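Residue numbers (our numbering): 30 to 366. C-beta: ideal position from N, C-alpha, C; glycine also. In this text the structure is predicted, and so the values were computed from the model without any measurement. Take a look at the structure set out below.
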Amino acid sequence: MTAVPATFLDLPHAQAVLRDTPDRLTRNRFAGVVVLLIGLLLVVAPVFGGLFGDVAAGRQMLDQFGPHLQADKLAHYRDDVRLLRDAGSGLDAIYQRSDVAPGRFPAVDEYRRSAPAIADRADALLTRIESGVPDYQRLAGIGGFDRIPFLLVGVGLAALIASAAILGSAAGARRAVVAAAVAGLLLAAYPFAGGLARAGDSGDRMLHTLAPVMTAAQVRQSQSDFVVTVSALGVLDTEFRSVRREGADHGAVAALQAQWPRVSGDLADLVGTVNDNLDNFAALRSLNAVTAPVGAGGFRALPWALFATGVVLFVATLAAWPRRIVRERTGSDGGEK
């Protein structure tokens, strides 16, 4: 039998089937870690560092001292000190002219001896407060001073959300990164837009100026001076009327007697405000001492710390911006086309 040769079909070459490989986003994980750490710092530090309480105490102190630092109120205090000093001098002259025996009016004797020191202490208190007015005004002018902790926590939360999107596979990573970048810019701009940078030195100076008078000892001494003066005025209005009084010396004593309701109200209000704000002042000093290890007061260092943190966050978010990788189309045989 004769073999039949095999027949081969010459089929046309089939074109490779092309498949689209989906593009993917690449993320800078190191930058994502930096964003995460910044977010943790901004959320944790205000809470566990006591920033909410310290800043609220500072705002309360600024608000409560405000009415006492108006020009007309300071002028009243100056007039009060003058009345106290003049009355003491007037009593000295009356004692000498009328030959008042020591011990006849013990309460008046005590005031007469203490009057110069009482006036000096009141003058020193007022001088300290007056000298702190310019710095107080700069601090009081800081926009949103008591909302700084909320700003930090808000920016921190934005950074944490962005870091989760960068380091994970969450959808909307670009939107989260944009939000964190904007938050970083806001944090960097706040010290200059809100006036915190301009008031940094003022905070240090005001604390230094008021430190000698913002003490419990100062309050106790002022209250003691008040008691001595009130006791003497009570006697001057009663038993002391039998003593001959005339001329300018009598006028000085009579002026204090006549103006005492106003004087006592002024001094009680001022000393009461000092007493009510001792804890607030201590909180401000605590806030200012946070950065003592780096050799700068908190009011001076805080603006630059906020600025630097905001800039680093902004740069880190830019570096972490998700970038799309475009892949080549591949054929069914695995080759790229």
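Just checking my contact of residue i with residue j at CB under 8 angstroms: how many whole Å lie between their CB atoms?
| i | j | result |
| --- | --- | --- |
| V302 | H97 | One detail in the question is off: residue 302 reads as Thr in this sequence, not Val. That belief holds up - the Cβ atoms of T302 and H97 are roughly 6 angstroms apart, short of 8 angstroms. |
| L103 | A151 | Not confirmed; about 13 angstroms, so no contact. |
| G213 | V184 | 7 angstroms |
| H237 | G119 | Their Cβ separation, rounded to whole angstroms, is 37 angstroms, which puts H237 and G119 out of contact at 8 angstroms. |
| V248 | N304 | 5 angstroms |
| S192 | G61 | 5 angstroms |
| P220 | L335 | 5 angstroms |
| L186 | V256 | Actually they are not in contact, since the Cβ atoms of L186 and V256 sit about 54 angstroms apart, beyond 8 angstroms. |
Does the distance from the CB of residue i to the CB of residue j come in under 7 angstroms?
| i | j | result |
| --- | --- | --- |
| R273 | S127 | yes |
| M243 | F174 | no |
| F269 | F134 | yes |
| V282 | A116 | yes |
| D295 | D109 | yes |
| G229 | P75 | no |
Taking the C-alpha atoms as reference points, what is the distance between residue i and residue j?
| i | j | result |
| --- | --- | --- |
| A153 | L299 | 13 angstroms |
| G87 | I171 | 12 angstroms |
| Q286 | L262 | 7 angstroms |
| Q288 | T156 | 22 angstroms |
| L80 | L265 | 52 angstroms |
| D49 | L69 | Because D49 sits at a pLDDT of 49, beneath the cut-off of 50, its placement in the model cannot be relied upon, and the following sentence gives the value as read from the coordinates. If you take the alpha carbons of D49 and L69, they lie about 41 angstroms apart. |
| L189 | D83 | 25 angstroms |
| A284 | Q89 | 36 angstroms |
| R291 | D254 | 16 angstroms |
| T338 | Q252 | 47 angstroms |
| A130 | A146 | 22 angstroms |
| E275 | T267 | 17 angstroms |
| G327 | R58 | 33 angstroms |
| L313 | A330 | 14 angstroms |
| A208 | R176 | 20 angstroms |
| A348 | I195 | 11 angstroms |
| S293 | A318 | 36 angstroms |
| G161 | Q125 | 41 angstroms |
| E12 | W350 | Here the chain comprises residues numbered 30 to 366, so residue 12 is not present and cannot be evaluated. |
| A100 | Y106 | 10 angstroms |
| A85 | L316 | 11 angstroms |
| D233 | L239 | 10 angstroms |
| A246 | A297 | 16 angstroms |
| A226 | I123 | 57 angstroms |
| R204 | G197 | 14 angstroms |
| R111 | Q250 | 19 angstroms |
| D52 | T320 | Model confidence at D52 stands at a pLDDT of 49, short of 50, so the residue's coordinates are unreliable; what they give is reported in the following sentence. Their Cα atoms are separated by approximately 48 angstroms. |
| D121 | S271 | 16 angstroms |
| M235 | V206 | 40 angstroms |
Let me confirm a value: residue i is counted as buried when at least 16 other C-beta atoms fall within 10 Å, else exposed. Which label applies?
| i | result |
| --- | --- |
| F77 | exposed |
| T346 | buried |
| A210 | buried |
| D308 | exposed |
| G132 | exposed |
| P8 | This structure cannot settle anything about residue 8, because the visible part of the chain is limited to 30 through 366. |
| V64 | buried |
| A202 | buried |
| A222 | exposed |
Relative to the ligand SAH, is the shortest distance from any of its heavy atoms to the C-beta of residue i smaller than 6 angstroms?
| i | result |
| --- | --- |
| V248 | Here there are no bound small molecules, and the ligand SAH is not part of this structure. |
Practice item. Please determine if the stretch 153-169 and the stretch 178-192 are in contact, where contact requires at least 3 C-beta pairs separated by less than 8 angstroms. Key: no
Exercise for review: Could you tell me whether the stretch 204-223 touches the stretch 334-346, where touching means 3 or more Cβ pairs closer than 8 angstroms?
Suggested key: yes
**Study point:** Inter-stretch contact at 8 angstroms, needing at least 3 Cβ pairs: the stretch 132-140 / the stretch 241-261
**Key:** Segments in contact, yes.
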